[in-house]
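Student: The structure is given below, and queries will be raised subsequently.
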């Protein structure tokens with residue numbers, strides 16, 4: 001049965017919504033690969049590994065942005081990676097500024113849009129998060145695209161667009177089989193024929 005021919009019965013309790021909120025951060029922060037070496041590459045590796053102390057990782061990214069002669073792509077990627085570090089520290093305003101800087105350098109960069117969308121979700125700006133994630137779902141990397149669909153589903157759910165949320169959770173799981181958070185969210189839905197109660 002096609003989704004457009006069905007009504008989704010949504011039975012999330014407050015506990016379910018709390019679970020949604022707490023799962024979003026784990027799927028929002030995708031670092032962007034930097035080619036070559038130097039501080040920009042070190043910044044990427046520190047974001048990816050999550051092992052460096054936040055202050056040390058931020059310092060590495062700052063040096064890369066201020067001192068290295070980077071290609072436009074690597075400069076945009078380094079802003080995104082530094083933005084991720086700011087998000088991890090819950091400094092959403094600084095993260096937003098870094099994602100916007102990346103987008104000024106490389107307009108429409110889907111990785112920037114994914115992370116910007118996640119940041120907007122964190123601060124409760126769901127419609128803006130959806131707009132950013134609409135571009136983020138175009139990224140080539142399937143794991144990042146799955147995260148974009150998952151995050152957009154969270155935002156859709158927050159604005160009450162249950163059909164779109166359901167579709168995005170399904171897409172996230174199809175792109176990344178074994179994506180436990182998406183599978184868990186889908187368990188909360190039941191598809192019932194139109195007109196059934």
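Numbering (our numbering), first residue to last: 1 to 197. A virtual CB, placed ideally from N, CA and C, is assigned to each residue, including glycine. Note that the structure is a prediction, hence the values are computed from the model and not measured.
#1: Counting C-beta neighbours from all protein chains within 10 Å, is the total for residue 113 16 or more, i.e. buried, or is it exposed?
#2: Is residue 199 helix, strand or coil when you go by DSSP?
#3: Alpha helix (DSSP H) containing residue 71: first to last residue?
#4: Return yes when the Cβ of residue 58 is within less than 9 angstroms of the Cβ of residue 82, no when it is not.
#5: Using the three-state DSSP reduction, which class does residue 62 fall into: helix, strand or coil?
#6: Alpha helix (DSSP H) containing residue 119: first to last residue?
#7: Could you tell me how far apart the beta carbons of residue 115 and residue 84 are, in whole angstroms, since I believe they sit closer than 8 angstroms?
#8: Have a look at 163, 177, 174 and flag the residue whose alpha-carbon is nearest the alpha-carbon of residue 194.
#9: Measure how close the beta-carbons of residue 63 and residue 99 come, nearest whole angstrom, since I'm counting them as under 8 angstroms.
#10: Should residue 80 and residue 32 be called a contact, given that it needs their Cβ atoms to be closer than 9 angstroms?
#11: Nearest to residue 118 by CA position, among 43, 68, 86, is which residue?
Tutor: Reading it off the structure:
#1: Working through the chain shown from its first residue, we reach residue 113 at position 113. Residue 113 comes out buried.
#2: Residue 199 falls outside the range modelled here, since the chain spans only 1 to 197, and no answer is possible.
#3: Numbered from 1 along the chain shown, position 71 holds the residue referred to as residue 71. Where residue 71 is concerned, there is no enclosing alpha helix (DSSP H), given that its DSSP letter is neither H nor E.
#4: Here the question's residue 82 lines up with position 82 in the chain shown. Here the question's residue 58 lines up with position 58 in the chain shown. Closer than 9 angstroms, so yes.
#5: In the chain shown, counting from the first residue as 1, residue 62 sits at position 62. Three-state result, residue 62: helix.
#6: Locating residue 119 in the chain shown gives position 119, where the first residue counts as 1. 110-122 is the span of the alpha helix (DSSP H), which, as asked, contains residue 119.
#7: Residue numbering aside, residue 115 sits at position 115 when the chain shown is read from its first letter. Residue numbering aside, residue 84 sits at position 84 when the chain shown is read from its first letter. The pair is a contact, with the Cβ atoms about 6 angstroms apart (cut-off 8 angstroms).
#8: Position 194 of the chain shown, counted from the first residue, corresponds to residue 194. Ranking the options by Cα distance to residue 194, first place goes to 163.
#9: In the chain shown, the residue the question calls residue 63 occupies position 63. In the chain shown, the residue the question calls residue 99 occupies position 99. Actually they do not touch by this definition, with Cβ atoms about 20 angstroms apart.
#10: Mapped onto the chain shown, residue 80 falls at position 80. Mapped onto the chain shown, residue 32 falls at position 32. Cβ distance < 9 angstroms, so residue 80 and residue 32 count as in contact.
#11: Numbered from 1 along the chain shown, position 118 holds the residue referred to as residue 118. Checked all of 43, 68, 86; the closest Cα to residue 118 is 86.
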